[in-house]
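Asks:
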Amino acid sequence: MAQNNYVDSVKTLSTSKVDTVRFWAYSELTWLLKENNKPEALNYAQKLYNESKKTGLKKWIAQGLNDIGIVYYKIGDINKALDYAKQSLSIRRIIGNKKDIASSLSKIGNLTNDKGLYAEAIEIQLEVLKLYEELGIDAYIAQTCNNLANIYYALNNNEASINYFKRSNVITTKTGDDFTKSVAIAGIAGNYFDMAQYDSAIFYFNDAKVLFKKHNEYTNYARVCSNIGNIYRIKKDLKKSESYYREALDISQQLGDSSGYALYQNNLGFLFMDGGKLNEAELYMTNALKISKNLGDVQNILKVYKAFIALYIKKGDLKLSEHYFALYEKTKDASFNKEAALRISEAQTKFDVEKKDLEIANNKTELKLKNEESRQKTTIIFSIIGFVILLSISVLLVYRKKKVEQQAKLDAEMATQKELRIKSIIEAEEKERRRIAQDLHDGVGQILSAAKLNLSGLESQINLSNASQKDAFKNALDLIDDSVKEVRAVSHNMMPNTLIKLGLASAIREFITKIGTVPNLKIDLEIVGLDKRIDENIETVLYRVIQEIVANILKHAKATEISLQLIKHEKELSIIVEDNGVGFDTTKINIFEGIGLKNIISRIEFINGTVHFDSTIGHGTTVIIEVIT
8 MAQNNYVDSV KTLSTSKVDT VRFWAYSELT WLLKENNKPE ALNYAQKLYN ESKKTGLKKW
68 IAQGLNDIGI VYYKIGDINK ALDYAKQSLS IRRIIGNKKD IASSLSKIGN LTNDKGLYAE
128 AIEIQLEVLK LYEELGIDAY IAQTCNNLAN IYYALNNNEA SINYFKRSNV ITTKTGDDFT
188 KSVAIAGIAG NYFDMAQYDS AIFYFNDAKV LFKKHNEYTN YARVCSNIGN IYRIKKDLKK
248 SESYYREALD ISQQLGDSSG YALYQNNLGF LFMDGGKLNE AELYMTNALK ISKNLGDVQN
308 ILKVYKAFIA LYIKKGDLKL SEHYFALYEK TKDASFNKEA ALRISEAQTK FDVEKKDLEI
368 ANNKTELKLK NEESRQKTTI IFSIIGFVIL LSISVLLVYR KKKVEQQAKL DAEMATQKEL
428 RIKSIIEAEE KERRRIAQDL HDGVGQILSA AKLNLSGLES QINLSNASQK DAFKNALDLI
488 DDSVKEVRAV SHNMMPNTLI KLGLASAIRE FITKIGTVPN LKIDLEIVGL DKRIDENIET
548 VLYRVIQEIV ANILKHAKAT EISLQLIKHE KELSIIVEDN GVGFDTTKIN IFEGIGLKNI
608 ISRIEFINGT VHFDSTIGHG TTVIIEVIT
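Residue 8 is where the sequence shown starts when you use this note's numbering, and the numbers rise one by one after that.
1) Could you check which residue in G536, F279 and I115 has the C-alpha nearest to that of G76?
2) Per DSSP, which one or two residues make a beta bridge with V584?
3) Within a Cβ cutoff of 8 Å, which residues of the same chain sit near L89, ignoring the five residues on either side of it in sequence?
4) Between the alpha carbons of Y239 and L40, how many angstroms are there, rounded?
5) Taking only three categories from DSSP, how would you classify L532?
6) Should the stretch 243-255 be called in touch with the stretch 275-286, which here means at least 3 C-beta pairs below 8 Å?
7) Just the Cα atoms here: how many angstroms apart are H563 and R610?
8) List in chain order: all unbroken alpha helix (DSSP H) runs of 4+ residues lying wholly within the stretch 151-215.
9) How should A288 be labelled, buried or exposed, when 16 other C-beta atoms within 10 angstroms of its C-beta is the threshold for buried?
10) What separation, rounded to the nearest whole angstrom, lies between the Cα atoms of I321 and Y268?
11) Relative to the C-alpha of H198, which residue among Y160, A229 and F219 is closest?
12) Could you tell me which residues DSSP pairs with V231 in its beta bridges?
13) Between which two residues does the beta strand (DSSP E) holding T22 run?
14) Helix, strand or coil: how does DSSP classify D15 here?
15) How many Å lie between K595 and S475 at the Cα?
16) Residues bridged to V618 by DSSP?
17) In the DSSP output, what is E579 paired with across the bridge?
18) For V630 and K313, I'd like the C-alpha separation in whole angstroms.
19) Using three-state DSSP, classify K106 as helix, strand or coil.
20) Give the DSSP-derived three-state secondary structure of I144 in the structure shown.
21) Are there 16 or more other CB atoms within 10 angstroms of the CB of G625, so buried, or fewer, so exposed?
22) Would a C-beta distance cut-off of 9 Å place F200 and N237 closer than the cut-off?
23) Report, in whole angstroms, the separation of the C-beta atoms of K105 and E141, which I expect to be a contact under 8 Å.
24) Just to confirm, is the Cβ distance from W31 to L49 under 9 Å?
25) Would you decide whether R230 is buried or exposed? Buried here means 16 or more other CB atoms lie within 10 Å of its CB.
26) Can you name, in chain order, every residue of its own chain whose Cβ lies under 7 Å from the Cβ of E533, other than the five neighbours on each side?
27) Flag this pair as yes or no: are the beta carbons of Y265 and N301 separated by less than 9 Å?
28) Give me, in chain order, the residues of the same chain whose beta-carbon lies closer than 8 Å to that of N163; leave out the 5 immediate sequence neighbours on both sides.
29) Which residues in the same chain as L580 place their Cβ atom closer than 6 Å to its Cβ, once the five residues preceding and following it in sequence are excluded?
30) Relative to the alpha-carbon of S16, which residue among D184, D26, E35 and A317 has its alpha-carbon at the smallest distance?
31) Under 7 Å Cβ to Cβ from H619, same chain only, skipping five residues before and after it: list those, please.
32) Return the chain-ordered list of same chain residues with a C-beta closer than 6 Å to the C-beta of F186, the five sequence neighbours on each side being excluded.
33) According to the Cβ coordinates, are Y225 and I195 closer than 9 Å?
34) Quick one: is K508 buried, meaning 16 or more other Cβ sit within 10 Å of its Cβ, or exposed?
35) Could you give the residue range of the alpha helix (DSSP H) that holds I515?
36) Exposed or buried, Y271, counting other C-beta atoms within 10 Å across all chains shown (16 or more means buried)?
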């Protein structure tokens, strides 16, 4: 029910007139619907791509292509999924966002693996791992370790596979990422299966099943069912095996997972072959091969070829068995064509070198007899070639240097313009705050004070005959008095006098004292070394940011404790705000920009500072700000 309510809320946002809000909603709906409603998910992904193209926003164009590829992957169309992922990557490389580049590369690596191009897939995933390690994003490091482990698993390298799965398991245990942990556990189970430790494999597969079901990851749930079915088929418990295979087949059909559907049909073919039902086995295998060829799924094609080899041996048809063996070898060799080409290239190079050495040895005498004129001509020719090469290199280096300098100049100009825009916005905002605060204090506040004085003076001139009239008159005076206090409070919050007169430390102490009356909330404040005032603009920005952070905690975090530290070092000011509230997923920080995080980040960047959010759902949040003073 909660999931449906969230989907409905996002659908409401998908009608927004603000492009970025609408685009985010399209992408989120694609992700939410990709498992259970693939046609609708594809529709939202295509909407995102088509509408973002009209705006020219490259980030969202790339996201649209990325999302279309995800849906085609869930449908089982690997070739289309790979094509859209590569288009998305080309745009993201132009934008230069490392996180988005790594995301696209990761999908391409997984799809390349599905096509059986293992060496290329490993190369891609290692690039992804390096990017995520540079960014320090543990969640994505764990996912990439799983991807690498799966490729090594396909290459029957159990040791490397287990090492990567174990690294993922350690990280996800620390971060509390159940879903990625479930993938690692399922991978460990798969390796136990390959090593014929079947009881251990079933134990880990069942653990993974529980976690996949919890997160509605039914594609992976079906794969685990299929693997358990494989174990029971090996154990000769064909009834249990068929039950798990059927469950996997039904789920893949409901999800529209064509690749999975083909795999589980092939598994049932193996099962019927083991049970002596060879004609039924042939029907399931034939259908599996047809679907796999349409999808270009090399891994499934290889599995079906192996099934046919075994089937026709059982049928006594050695000719057909040899036919499928030849197809298996041919397809398997094609999946390693890169490595083969490299080996051929190395062998050819070695051959060419040896041949050249032999020719030099055989013609040594002839070369000694060449006359001086030939040597001079040769020297001149090589001198000219060398000069041309050096000239070309010089021109290229000069061109590249100029290009780099131009790009650096352009980047610096763009950064300067961005800083000026942010500075002008923030300065205008602070100016307007001062003006409104002054107007409230000097205008509205004085008018209300005058009204109170006039009414107080009028009280002695009016004959208030009964108690109810006196009470009404007193209530009117009290309301005016409360209004005066409220106007002063609003004016003070917009531009506190303490900040202007005494500086940041005093203003923060006063701010914390005022909110210290909030029930069920304990606030600890520690200010160290901030005895002297710092730049006025920095003080104002930091005061606003601390206000925003504390307001967010009070509004969203459900915290009972807040710790605020301001520590002044020799050339730097550090601010640490901690709470014990509900926390949030920092990997989805862009989604939370609406609650003030974007405003905080922009303001800190304006004063050339840094801000870091460290939070885990259910374990509170820590915000660390560092500013050079």
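Beta carbons are placed, not taken as given, at the ideal position from N, Cα and C, and that holds for glycine.
All values reported here derive from a predicted model rather than from experimental measurement.
Replies: From the atom records:
1) Looking up residue 76 in the sequence shown gives position 69. When each option's Cα is compared against that of G76, the closest is I115.
2) If you number the sequence shown from 1, residue 584 lands on position 577. BP columns for V584 point to L571 and V630.
3) Mapped onto the sequence shown, residue 89 falls at position 82. So the qualifying residues of the chain are G76, I115, L118, T119 and K122.
4) Walking along the sequence shown from the start, residue 239 turns up at place 232. Walking along the sequence shown from the start, residue 40 turns up at place 33. Each residue's Cα considered, the two are about 33 Å apart.
5) Working through the sequence shown from its first residue, we reach residue 532 at position 525. In this structure, L532 counts as strand in the three-state DSSP scheme.
6) yes
7) Your numbering for residue 563 matches position 556 in the sequence shown. Your numbering for residue 610 matches position 603 in the sequence shown. When rounded, the distance between both Cα atoms is 21 Å.
8) 165-182 and 185-201
9) To locate residue 288, count along the sequence shown from 1; it is residue 281. The residue in question, A288, is buried, as its Cβ has 16 or more Cβ neighbours within 10 Å.
10) Along the sequence shown, one-based indexing puts residue 321 at 314. Along the sequence shown, one-based indexing puts residue 268 at 261. Note on residue identity: the sequence assigns Lys, not Ile, to residue 321. K321 and Y268: Cα-Cα distance of roughly 25 Å.
11) Within the sequence shown, numbered from 1, the residue matching residue 198 stands at position 191. Checking the displayed sequence, the identity of residue 198 turns out to be Asn instead of His. For N198, the nearest C-alpha among the options comes from Y160.
12) Taking the first residue of the sequence shown as 1, we reach residue 231 at position 224. DSSP lists no partner for V231.
13) Your numbering for residue 22 matches position 15 in the sequence shown. No beta strand (DSSP E) holds T22; DSSP gives it neither H nor E.
14) The residue you call residue 15 lines up with position 8 of the sequence shown. Reduced to three states, the DSSP call for D15 is helix.
15) Against the sequence shown, residue 595 aligns to sequence position 588. Against the sequence shown, residue 475 aligns to sequence position 468. Using only the alpha carbons, I get a separation of about 59 Å.
16) For the purposes of this step, residue 618 is identified with residue 611 of the sequence shown, where counting begins at 1. Paired residue(s): I632.
17) Position 572 of the sequence shown holds residue 579. When DSSP reads this structure, E579 sits in a beta bridge with I635.
18) Position 623 of the sequence shown holds residue 630. Position 306 of the sequence shown holds residue 313. Distance between the alpha carbons of V630 and K313: 56 Å.
19) Within the sequence shown, numbered from 1, the residue matching residue 106 stands at position 99. Note: K106 maps to helix in three-state DSSP.
20) Residue mapping note: residue 144 aligns to position 137 of the sequence shown, counting from 1. Reduced to three states, the DSSP call for I144 is coil.
21) Taking the first residue of the sequence shown as 1, we reach residue 625 at position 618. With fewer than 16 other Cβ atoms within 10 Å, it is exposed.
22) Stepping through the sequence shown from its first residue, residue 200 is reached at position 193. Stepping through the sequence shown from its first residue, residue 237 is reached at position 230. Inclusion of F200 and N237 in the CB contact set at 9 Å is warranted, their separation being smaller than that value.
23) Taking the sequence shown and counting its residues from 1, the one referred to as residue 105 is at position 98. Taking the sequence shown and counting its residues from 1, the one referred to as residue 141 is at position 134. That pair is a contact at about 7 Å.
24) Counting from one through the sequence shown, the residue named residue 31 turns up at place 24. Counting from one through the sequence shown, the residue named residue 49 turns up at place 42. It is not a contact, given that the beta carbons lie outside the stated cut-off.
25) Within the sequence shown, the letter at position 223 stands for residue 230. R230 should be labelled buried.
26) Position 526 of the sequence shown holds residue 533. If the five residues before and after E533 are omitted, its C-beta is found closer than 7 Å to the C-beta atoms of Q572, all from its own chain and listed in chain order.
27) Taking the first residue of the sequence shown as position 1, residue 265 is located at position 258. Taking the first residue of the sequence shown as position 1, residue 301 is located at position 294. In the sequence as displayed, the identity of residue 265 is Ser instead of Tyr. Against a cut-off of 9 Å, the Cβ pair of N301 and S265 comes out as a contact.
28) Position 156 of the sequence shown holds residue 163. Excluding positions up to five away in sequence, the list reads D201.
29) Stepping through the sequence shown from its first residue, residue 580 is reached at position 573. Answer for L580: V634 and T636, listed in chain order.
30) One-based indexing of the sequence shown puts residue 16 at position 9. Answer by Cα proximity: E35.
31) Position 612 of the sequence shown, counting from 1, holds the residue named residue 619. Same-chain partners within the cutoff: I631.
32) Your numbering for residue 186 matches position 179 in the sequence shown. Result list for F186: H222, in chain order.
33) By one-based count along the sequence shown, residue 225 stands at place 218. By one-based count along the sequence shown, residue 195 stands at place 188. Cβ distance not < 9 Å, so Y225 and I195 don't count as in contact.
34) Here the question's residue 508 lines up with position 501 in the sequence shown. Exposed is the call here.
35) Here residue 515 refers to the residue found at position 508 when the sequence shown is read from its first residue. L511 to I522 is the extent of the alpha helix (DSSP H) around I515.
36) Numbered from its first residue, the sequence shown carries residue 271 at position 264. Counting Cβ neighbours within 10 Å, Y271 comes out buried, since at least 16 surround it.
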